Amino acid sequence: MLDNLSSRLGHLVKTMRGHSRLTEDNIKDALREVRMALLEADVALPVVKDFVANVKEKAMGQEVLGSLTPGQAFIGVVNDSLTDLMGKQNDALNLAAVPPAIILMAGLQGAGKTTTIGKLSRLLKTEHKKKVLVVSADVYRPAAIEQLRLLAEQVEVEFYNSNSWEDPVQIALDAKEYAKKHFFDVLMVDTAGRLAIDEVLMEEIQKIHAAINPIETLFVVDAMQGQDAVNTAKAFDDALPLTGIILTKMDGDARGGAALSVRHVTGKPIKFIGVGEKVTGLEPFHPDRLASRILG
Ligand code: GDP
1 MLDNLSSRLG
11 HLVKTMRGHS
21 RLTEDNIKDA
31 LREVRMALLE
41 ADVALPVVKD
51 FVANVKEKAM
61 GQEVLGSLTP
71 GQAFIGVVND
81 SLTDLMGKQN
91 DALNLAAVPP
101 AIILMAGLQG
111 AGKTTTIGKL
121 SRLLKTEHKK
131 KVLVVSADVY
141 RPAAIEQLRL
151 LAEQVEVEFY
161 NSNSWEDPVQ
171 IALDAKEYAK
181 KHFFDVLMVD
191 TAGRLAIDEV
201 LMEEIQKIHA
211 AINPIETLFV
221 VDAMQGQDAV
231 NTAKAFDDAL
241 PLTGIILTKM
251 DGDARGGAAL
261 SVRHVTGKPI
271 KFIGVGEKVT
281 GLEPFHPDRL
291 ASRILG
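296 is the number that the UniProt record's numbering gives the last residue of the sequence shown; the numbers go up by one with no jumps.
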């Protein structure tokens, strides 16, 4: 995903021998390597800058303890900074609501919202033994409702029918009412995406959010979006009280930098990653694994 930073830092680590403190001078080259590695991994520039500044601040003047080499001490600082940014453990879904626990999915068109609803419903049903209802409030894209219906059929969860002439807010409210009446544990609500951020889209999803009060509002973002992921994430985070992020298409040749970028601008945990088009292609996100992939 990201180039193994410690191998990149390898030769520098050797030249950093013999210092008992990390100083501006002896970490300069190492900081440059960190910056390059993050940029190559497609982390957005402002995020790279903040991150490198943070590493520098933490590293400067730090004593090199015991048997550590200065290079090892520096890598320790990078690791700590990554953990500070990404968190240590996976953040699980929060379903602690009076049933139904509502999960609202937000994101641009093509990000993978509908596919991810199929994957998550399957997971909730098979592993958590939840009774799941899904509904589509996407009345604009002709095939969207049908796509969700087929997915629901495939993963064997119930589909609440909606129609393209209905009001999206009303669809969500009706589905919630139905879910309550029929004792569903979880209701997953799909929403319309556009190709780019637009006001009308944001207002509509804000209205849906206000009407159904979801316990989870998940922002779905395509890891291949690279640098652009930052702007999209910021716009959705400003518009909605996001509770988590799902990063899709991590199976492709995405370089994973979007994970750092999106986390940095929203401060919200990445809860899952999408790793394929199939309904089984979803994994909990483990920040510590990302860190060790970077550091090797
Ligand atoms: P939506 O417009 O946000 O609902 O996006 P869709 O769910 O329709 O997904 C758009 C495309 O991305 C589809 O072709 C999906 O099969 C594909 N897709 C979604 N998630 C993943 C993933 O994790 N990996 C890969 N390789 N493809 C994905």
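C-beta: ideal position from N, C-alpha, C; glycine also.
Predicted model, so just to flag it, every value in this text is computed and none were measured.
Between residue i and the ligand GDP, is there a pair consisting of the residue's CB and a ligand heavy atom that are separated by less than 7 Å?
i           : result
residue 147 : yes
residue 277 : yes
residue 109 : yes
residue 157 : no
residue 253 : no
Please list, in chain order, all residues of the same chain as residue i whose beta carbon is under 8 Å from its beta carbon, the five residues on each side excluded.
i           : result
residue 277 : 115
residue 215 : 94, 95, 96, 97, 101, 102, 103, 243
residue 180 : 99, 100
Closer than 7 Å by C-beta to residue i: which residues in its own chain qualify, once you throw out the five before and the five after it? Chain order, please.
i           : result
residue 91  : 244, 269, 271
residue 63  : 20, 21
residue 130 : 124, 185, 186
residue 42  : 226, 227, 255, 257, 258
residue 24  : 60
Residues in the same chain with beta-carbon distance under 6 Å from residue i, minus the five sequence neighbours each way, listed in chain order, please.
i           : result
residue 125 : 132, 157
residue 119 : 279, 282
residue 140 : 192
residue 205 : 106, 191
residue 164 : 139
Check each candidate in the options and name the one with the smallest Cα separation from residue i.
i           : options            : result
residue 178 : 236, 195, 159, 280 : 159
residue 110 : 222, 38, 237, 61   : 222
residue 224 : 250, 230, 86, 262  : 250
residue 211 : 197, 182, 253, 168 : 168
residue 78  : 33, 273, 202       : 33
residue 265 : 49, 174, 127, 26   : 49
residue 46  : 287, 262, 217      : 262
residue 217 : 246, 197, 195, 194 : 246
Does the beta-carbon of residue i, which I'm using as the reference point, lie nearer than 7 Å to any heavy atom of the ligand ATP?
i           : result
residue 198 : With respect to the ligand ATP, the structure shown offers nothing to examine, as its ligands consist of the ligand GDP.
Any 3 or more C-beta pairs closer than 8 Å across the region 70 to 78 and the region 90 to 100: Not touching, per the Cβ criterion.
contact_flag[the region 127 to 141, the region 183 to 191] where n(CB pairs < 8 Å) is 3 or more: Counting C-beta pairs with one atom in each stretch, the region 127 to 141 and the region 183 to 191 have three or more that are closer than 8 Å, which means they touch.
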